[in-house]
Amino acid sequence: MTGLAAALLMGACGGAPPAPVPRAAEPAPRSPVGTTGPPVPARPAPVDCRRTACVALTFDAGPGPDTAKLLDVLREKDVHATFFLLGKNIEARPGLVRREAVEGHELGNHTWTHALLPSASPQGIRRELVLVQDRVRELTGRTPTLMRPPRGLTDARVAEVCRSLGLAEILWSVTAKDYRDHDPRVIADRVLQGAQRDGIILLHDVYPGTVPAVPAVIDGLRRRGLTPVTVSQLFAPRRPEPGRAYWNASEP
-10 MTGLAAALLM
0 GACGGAPPAP
10 VPRAAEPAPR
20 SPVGTTGPPV
30 PARPAPVDCR
40 RTACVALTFD
50 AGPGPDTAKL
60 LDVLREKDVH
70 ATFFLLGKNI
80 EARPGLVRRE
90 AVEGHELGNH
100 TWTHALLPSA
110 SPQGIRRELV
120 LVQDRVRELT
130 GRTPTLMRPP
140 RGLTDARVAE
150 VCRSLGLAEI
160 LWSVTAKDYR
170 DHDPRVIADR
180 VLQGAQRDGI
190 ILLHDVYPGT
200 VPAVPAVIDG
210 LRRRGLTPVT
220 VSQLFAPRRP
230 EPGRAYWNAS
240 EP
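Numbering-wise (the working numbering), the sequence shown opens with residue -10 and increments by one.
Below, the structure written as structure tokens:
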């Protein structure tokens, strides 16, 4: 991606600040008595997005204070999403990371400190990503294969580090700008106006208006004939290529 393209992305995420400081830490849940390691995760219901009009539902920078409620909503709506996790919030709410995995959601990497990666050294870029990779693997037994750079900013050095770590860069085709507007109706309307087949929706589960908007987002997508899915479901049977940046699943 060129420097110009990276700069244009700043407007898409509006220069959003890092996620709010966590309120209180919570312990990770233990495995059931008589078992070791992480619980076996559920699997999303099969969907073939080559034949079904799909759109990926993604959430950045969590887990946040309202993520538990969001997971309840997704379960009630029978929807699986992709969560791009932020390091400090992984540490604050490890139990929610485990729950996301167990309930069949996809876990991605949103860096450890929400650093602007093109401004970091190659060693700094690697550290930001490896810390999340290692912690998610410790908590869930699963290593992310997708990442989203903070504010969507990337460059050739970021791409090379991602390639070496087996991470594809997942950007977005529509943003709710929920970091700026906290009215659930505005958030839902903005998503529904921009959502198209093979698109990728960007939301944040750390801002107050987002979770209340999700039921209307899901219902509205379905009324428009769009099935909300994870990023990997959207691309299947292909797999996003490590080091490459994707705005949607229509790109060859």
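Beta carbons: idealized from backbone N, C-alpha and C, even for Gly. All figures in this text were calculated on a predicted structure; none of them were measured in a lab.
| Asked | Found |
| --- | --- |
| Take the Cβ of P226 as the centre, count every other Cβ of all protein chains shown within 10 Å, and call the residue buried at 16 or more, exposed below. | exposed |
| If you compare alpha carbons, which of G188, L59, D67, H69 is closest to L85? | L59 |
| Could you work out which residue in L156, A109, A238, D49 is closest to A165 when comparing CA atoms only? | D49 |
| Do V36 and R222 have their beta-carbon atoms positioned less than 8 Å apart in this structure? | Checking the sequence, you will find Gln at residue 222 rather than Arg. For Q222 and V36, yes; Cβs fall inside 8 Å. |
| Under three-state DSSP, which class holds C43? | strand |
| Out of curiosity, what's the CA-to-CA distance linking R88 and S108? | 33 Å |
| Which stretch, first to last residue, makes up the beta strand (DSSP E) that contains T216? | 216 to 218 |
| Smallest Cα separation from P231: which of C151, R213, V206? | C151 |
| According to DSSP, D49 sits in a beta bridge with which residue or residues? | F73, H193 |
| Taking one C-beta from the segment 121 to 135 and one from the segment 152 to 163 each time, how about it: are there three or more such pairs within less than 8 Å? | yes |
| Can you find the residues in the same chain that come closer than 8 Å, C-beta to C-beta, to V147, ignoring five residues on each side of it along the sequence? | L106, P107, I114, P138, E158 |
| CA-CA distance, T41 and G141? | 28 Å |
| With which residues is A157 paired in a DSSP beta bridge? | L135 |
| Spatial neighbours of D55 within its chain, please: CB distance less than 7 Å, with the 5 preceding and 5 following residues excluded, ordered by chain position. | D194, V200 |
| Once DSSP output is grouped into helix, strand and coil, what is the label at N98? | strand |
| Of all the options G76, K66, R169, which has the alpha carbon lying nearest to the alpha carbon of G53? | G76 |
| Quick check: what's the CA-CA separation for R213 versus P241? | 25 Å |
| Is S239 buried or exposed, if buried means 16 or more other CB atoms sit within 10 Å of its CB? | exposed |
| When you compare the CB positions of W161 and I190, do they come within less than 8 Å of one another, or not? | yes |
| Which residues in the same chain have their Cβ closer than 6 Å to the Cβ of L104, if we skip the five residues on either side of it in sequence? | With the sequence shown as reference, residue 104 is identified as Ala, and Leu is not the correct amino acid for it. These residues qualify, in order along the chain: E117. |
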